[in-house]
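*Asks:*
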Amino acid sequence: MKTIRIGLIAAGVLVGSLLIVSSARAHKDKHTPQQLKAFEEVFMEQVRIGDLLFHGDDATAKKLNVQLSRTGMACAMCHPFGSDNHPHEFPKFQEQIGQFATLRDMINWCIEKPNEGVKIDSDSPAMKALEAYIYWSNRGSKLDPGRH
Amino acid sequence: MDEIQRERSELQKTLQGKGERPGGSLQITRRTFLHKSVLTGAAGVATYGWFPLIGTLDFLVGQAGGQPTAFKFAWISDNHLYPKEVNTRFVDKAVRAVKEVQAMKPAADFLIHGGDLAQLGDPVELDLGNEILKEVKIRKVFIPGEHDWYLDLGQKWTSLFGQPNWTFDHKGVRFVGLDTVSRGPDYWTAKKMSPKERMGHMATLDGSVAGSWAGVGRDQLQWLNQTLSSWPKDKPIVIFSHNPLYEYYPPWNFWVRDWREVHEVLRPYSNVTNIHGHTHQVLYNEIGKLRSIGMLATSWPWPYAPEGVPALTKCMVRADPGDFFDGVGYSRLTMNAASKIENEYVMWRKDTFAEAAVDSGCGDNVNQVLHPRIADQEWTYYGAYK
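Protein chains in written order, with the numbering used here: chain C, 1 to 148; chain G, 149 to 534.
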C-alpha cells in the first residue's frame, strides 16, 4: 500500500508540473502526448470524485465537507449510470424549480428536496466533481439545450 | 440490426413456433389483440398510438373443474425500507400499500411479496417490514430480493419468511415462487469484504463489483422442471420472481443470466405468466409462449434502461421527483367471473401510462447516451455503506 501511495504522489507531482508548464505555454506550442494525458488525468480524477459523491460515498463527502443526503438516498439510486440527469438539455426552464435553471441549480434542488441534504456552493469542488461525473457518464448524448 | 437484436430475433423464432403465442387458453380481448397486432404487424416495433390508455392487461387464466373461478391476489414489492431513524418516507408508502391491499373488496385470496423488503438487509429493516406486512391478514407468500439477502446471506430473511422458492395450486392455477437472488458469484471472499461491504456493492444497482448475480441456477431449474412436470401443459402457470425471466438490461441485472435455460424448461407449457419486481417500472413482454409483467415498487421508480426496453411495453409516465408518492405503487390482480385476470397498476396518480413522448419515461430519453461507472473498481472503495 505504501508503494502505491508513493507512486500516486509521484504521478501527481508529474501531472502538476506538466500542467504548470502547459499553463505558461498554453496554445503557444504543439501539444505533447504527455500534456494531453495530464489534462485527461485531471478530468478523470474529478469524474472519480463525482462518481463517489453521486453514489453516496461517506468518506468522499466528509473529505469535501458536504452533506448531500440525510435520508440514506444517494443520487445514483434514482439515476443509475447518470440516467435521467439530461445534462445535455440544460440550461432550461425547470418545472420543479419554477424558473430558468442550470444543471448546477438542478443538482442543488435534488440535494435539498429529495435527498434532504445541505445545498452546496455552485462553484465548490464538490459541485464541479458532480458536474464532471454527470457529463462524463452522459458523453455522446445529443446537445439539446432547453428541451423539456 | 445489432448483436442483441439479432440474438433476440433468433430466440423468438426458436421459442415461438408459427402461430404460437403465450397462453393457449388466452382469450383475445381488445387489449391483448393490440399487443398481438404489434407482434405480427410491425416486427415487434411498438407505436404509442396503438395502445389504449388503460391500467390493466387482460388474459384468461384458468378454470377449475371446467367452471370459471373468480379470485383476486395482490403484489407488493421493492419497499427498500430503512430503519425509521434514517427516514420514514419508504415506511409511509409501504404502509399505504398494505392498508389498500387489506381493504380490497372482495378480498384478495393472497398477497405475494416480491422481494426487496429491506434496503440493506439489516435485521431492523426486515423486522420493520414484517411488522408492516402483519397488517395484511390474508395469506402471504414471499420471495427474496437481493437487498434482503446479502448482509447475512439470507439468514434473517429465511427465519422470517421461510424457503425462498415454493409452489402451490390455487383454483386451477399452479403458482411458483422462484429465488433469483441467492446464487450470485462470490465477489467478497477474495477481497475480504465485511458483510456490510458485500451488501453495499449488492445494493448499488449500477455497481460493477457484484456482477451478474441474478440467476435461477441449475438446481432450481431442475426443481422447476420437476415441479411443472405433473401439471397439464395447457393449464395456467404463474411464476413469481424478483428479476425478470428474460434479458432486458444485464448491467442492472434486469434479467436472470440463465434465462435461456428457463425458457427451455417452460417451452412445453402454453400458458405461463411471469410476474416480477426489481425493475420498479411498468413493463410488458412476450418471448416464445411466456408473457412477463413488471411490477411497480413502493419505494421509488427506476428510469427505463438505455436499451432493451421490450417493444411491447407501453412506458409509464415520467415521475415527479418532488413527490415521493409519484411513480410508485403496487398491483391488484383480479380474476373476474369471465375468467379473465386484470393486472391493475395502482400508482397513486391519475395517469399510469404516457401518451406523448414528452411525458414518457422512455420517450423522454431519445437524446441520451449513457456509460457505466468506474470508481467502484478501485481498491479500498466499497460503496456508501461501509
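Glycine included, C-beta positions come from ideal geometry on N, C-alpha and C.
Measuring CB to CB, does Glu294/G end up less than 8 Å from Met350/G?
*Replies:* In this structure, the beta-carbon distance from Glu294/G to Met350/G falls below 8 Å.
*Asks:* State yes or no: is the beta carbon of Gln96/C nearer than 8 Å to at least one beta carbon in chain G?
*Replies:* Output row for Gln96/C: interface = yes.
*Asks:* Compute the Euclidean distance between the alpha carbons of Pro114/C and Asp29/C, then round it to the nearest angstrom.
*Replies:* 48 Å
*Asks:* In chain G, what lies closer than 8 Å to His27/C by C-beta?
*Replies:* Identification of chain G residues near His27/C by a Cβ-Cβ cut-off of 8 Å yields none; the smallest Cβ-Cβ distance measures about 29 Å.
*Asks:* Could one say the Cβ of Gly140/C lies closer than 8 Å to chain G's Cβ atoms, at least one of them?
*Replies:* Answer yes: the Cβ-Cβ gap between Gly140/C and chain G drops below 8 Å somewhere.
*Asks:* From which residue to which residue does the alpha helix (DSSP H) around Glu41/C run?
*Replies:* 33–54
*Asks:* Using C-beta distances below 6 Å, list every residue in its chain close to Gly365/G, excluding the 5 sequence neighbours before and after it, in chain order.
*Replies:* Arg331
*Asks:* Roughly how many angstroms lie between the CA atoms of Thr352/G and His27/C, to the nearest whole one?
*Replies:* CA-to-CA, the gap between Thr352/G and His27/C works out to about 43 Å.
*Asks:* For a test of the three-state rule: what should DSSP assign to Lys282/G, helix, strand or coil?
*Replies:* coil
*Asks:* Helix, strand or coil: which one does DSSP assign to Phe473/G?
*Replies:* coil
*Asks:* Looking at the structure shown, is Lys128/C part of a helix, part of a strand, or coil, going by DSSP?
*Replies:* helix
*Asks:* Listing by chain order, which chain C residues have their CB less than 7 Å from the CB of Val506/G?
*Replies:* His148
*Asks:* What are the start and end residues of the alpha helix (DSSP H) that includes Lys63/C?
*Replies:* Segment 58–63, the alpha helix (DSSP H) holding Lys63/C.
*Asks:* Do Pro343/G and Leu276/G have their C-beta atoms within less than 8 Å of each other?
*Replies:* no
*Asks:* Since Trp314/G sits in a beta bridge, which residues does DSSP pair it with?
*Replies:* Gly325/G
*Asks:* Quick check: what's the CA-CA separation for Cys510/G versus Glu95/C?
*Replies:* 19 Å
*Asks:* Helix, strand or coil, according to DSSP, for Gln175/G in the structure here?
*Replies:* Low confidence applies here, because Gln175/G scores a pLDDT of 34, under 50, leaving its location unreliable and the question unanswered by this model.
*Asks:* Can you list, in chain order, the residues of its chain whose CB lies under 8 Å from that of Ile111/C, leaving out five sequence neighbours each side?
*Replies:* Leu68, Ser69, Gly117, Val118, Lys119, Ile120
*Asks:* Note down the Cα distance separating Asn138/C from Phe388/G, rounded to an integer number of angstroms.
*Replies:* 34 Å
*Asks:* Could you please give the first and the last residue of the uninterrupted beta strand (DSSP E) stretch that includes Ala222/G?
*Replies:* 219–224
*Asks:* Is Val506/G buried or exposed, if buried means 16 or more other CB atoms sit within 10 Å of its CB?
*Replies:* With fewer than 16 other Cβ atoms from the protein chains shown falling within 10 Å of its own Cβ, Val506/G counts as exposed.
*Asks:* Would you kindly work out how many angstroms separate the C-alpha atoms of Pro145/C and Pro469/G, rounded to a whole number?
*Replies:* 21 Å
*Asks:* Kindly list, in the order they appear in chain G, the residues whose Cβ is closer than 8 Å to that of Lys113/C.
*Replies:* Pro469, Gly470
*Asks:* Would you list, in sequence order, the uninterrupted beta strand (DSSP E) runs of no fewer than 3 residues that lie entirely inside the segment 228–280 of chain G?
*Replies:* 258–261
*Asks:* How many Å lie between Trp109/C and Ile97/C at the Cα?
*Replies:* Ile97/C has its alpha-carbon roughly 7 Å from the corresponding atom of Trp109/C.
*Asks:* Along chain C, which residues have their Cβ under 8 Å away from the Cβ of Pro451/G?
*Replies:* Cys78, His79, Pro80, Ser83, Asp84
*Asks:* Keeping to the same chain, check which residues put their C-beta closer than 7 Å to that of Ile260/G; ignore five residues upstream and five downstream.
*Replies:* Within the same chain, Ile260/G has close Cβ partners Phe221, Trp223, Val289, Phe388.
*Asks:* Give the range of the alpha helix (DSSP H) segment to which Ser307/G is assigned.
*Replies:* 303–309
*Asks:* What distance in whole Å lies between the Cβ atoms of Leu431/G and Pro458/G, which are believed to be in contact at a cut-off of 8 Å?
*Replies:* 7 Å
*Asks:* Does Arg48/C have its Cβ less than 8 Å from a Cβ in chain G?
*Replies:* Interface residue, yes.
*Asks:* Can you look up Ser440/G in the DSSP assignment and give me helix, strand or coil?
*Replies:* strand
*Asks:* Are the beta-carbon atoms of Glu434/G and Leu460/G separated by less than 8 Å?
*Replies:* yes
*Asks:* Taking Cβ positions only, does Cys75/C come closer than 8 Å to chain G?
*Replies:* no
*Asks:* I think Met252/G touches Arg480/G, with their Cβ atoms under 8 Å apart; what is that distance to the nearest whole Å?
*Replies:* 6 Å
*Asks:* Tell me which residues of the segment 244–275 of chain G have at least one Cβ-Cβ distance to chain C shorter than 9 Å, keeping chain order.
*Replies:* Gln267, Leu268
*Asks:* If Ala74/C sits next to Phe54/C, beta carbons under 8 Å apart, how far is it from one beta carbon to the other, in whole angstroms?
*Replies:* Between the beta-carbon of Ala74/C and that of Phe54/C there is about 7 Å, and that keeps the pair under the 8 Å contact cut.
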